[in-house]
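Undergrad: Position 45, counted from 1, in the sequence shown is what the working numbering calls 287; the numbers after and before it change by one each time, with no gaps. Where is the CB? At the ideal position from N, CA and C, for every residue including glycine. Below are the structure tokens for one structure; questions will follow.
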Amino acid sequence: IGQSCHLVVVGDGRGLDVQRQENPGQVGFSIKLGAAVDLPSSCSGHVLLAFASDERQAALLPDLRQADEAAAQRLTKRFGIVRAQGFEMQPSARTAGVTDISYPIFGFDGQIAAALTVPFLVIIDGSQRVDLEGSRELLRQAAEDISAGMGWAAPPS
243 IGQSCHLVVV
253 GDGRGLDVQR
263 QENPGQVGFS
273 IKLGAAVDLP
283 SSCSGHVLLA
293 FASDERQAAL
303 LPDLRQADEA
313 AAQRLTKRFG
323 IVRAQGFEMQ
333 PSARTAGVTD
343 ISYPIFGFDG
353 QIAAALTVPF
363 LVIIDGSQRV
373 DLEGSRELLR
383 QAAEDISAGM
393 GWAAPPS
């Protein structure tokens, strides 16, 4: 798709970039390997939390409800939307002009293992090979392929 991509897992209560592939072109945007991302505000974090069990969410967000009930309710509502659509797509929480797209990676046990995320950057010189929606669809397929490789089986539709 001509974009960078990274794999985020939960570590120490944050998202942690454990694998990345840079854009093969001359211009791109990527997250550094080992970078920490905020779970409540990041695209990857929304996916990791939305597909986590209620118990896991509570463990990862222990102070949120006590600190800001309204924010906790907004997040809970957002998690429901993410689960229903099967992915998250939002403006980057860190960088203007970037649209983050993230899909869940599931393990053999059906539990979320990681989030596969593309920080989509529009290239205006005519070299863009795949648009935002095409990239989202290809990212969905890649996430499903990785999940299947980990032994996950999609639930029957």
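(1) Could you give the uninterrupted runs of the beta strand (DSSP E) lying entirely in the stretch 305 to 341, keeping only those of 3 residues or more?
(2) Is the CB-CB distance between Ile354 and Pro346 below 8 angstroms?
(3) Let me check understanding here. Comparing Cα to Cα, which of Val251, Asp259 and Thr337 lies closest to Leu363?
(4) For Ala277, which of helix, strand or coil comes out of DSSP?
(5) With 16 as the cutoff for other CB atoms within 10 Å, does Leu207 come out buried or exposed?
(6) Any chance the stretch 309 to 322 sits against the stretch 255 to 263, with 3 or more Cβ pairs inside 8 angstroms?
(7) Are there 16 or more other CB atoms within 10 angstroms of the CB of Phe350, so buried, or fewer, so exposed?
(8) Can you give the beta carbon distance from Ser286 to Ala357, rounded, assuming they're within the 8 angstroms contact cut?
(9) I need the DSSP call for Ala357, collapsed to helix, strand or coil.
(10) Measuring CA to CA, which of Asn265, Val252 and Val251 is closest to Gln370?
(11) Assuming Val252 contacts Val289 (C-beta within less than 8 angstroms), just tell me the rounded distance between them.
(12) Residue range of the alpha helix (DSSP H) that Gln263 falls in?
TA: Well, looking at it:
(1) Along the length of the stretch 305 to 341, whole beta strand (DSSP E) runs at least 3 residues long occupy 330 to 333, reported in chain order.
(2) In this structure, Pro346 lies closer than 8 angstroms to Ile354 by Cβ.
(3) Of Val251, Asp259 and Thr337, the residue nearest in Cα terms is Thr337.
(4) Of the three classes helix, strand and coil, the one that applies to Ala277 here is coil, per DSSP.
(5) With the chain represented from 243 up to 399, any question about residue 207 goes unanswered, as that position is not in the structure.
(6) In this structure the stretch 309 to 322 does not lie against the stretch 255 to 263, because fewer than three pairs of beta carbons, one per stretch, are closer than 8 angstroms.
(7) For Phe350, the number of other beta carbons within 10 angstroms of its own is below 16, and it is reported as exposed.
(8) In this structure, Ser286 and Ala357 form a Cβ contact; the two beta carbons are roughly 4 angstroms apart against a cut-off of 8 angstroms.
(9) Looking at Ala357 - three-state DSSP - the assignment turns out to be strand.
(10) It is Asn265.
(11) 11 angstroms between Cβ atoms; not a contact.
(12) Taken as a continuous stretch (DSSP letters only), Gln263 belongs to no alpha helix (DSSP H), being part of the beta strand (DSSP E) at Arg256 to Gln263.
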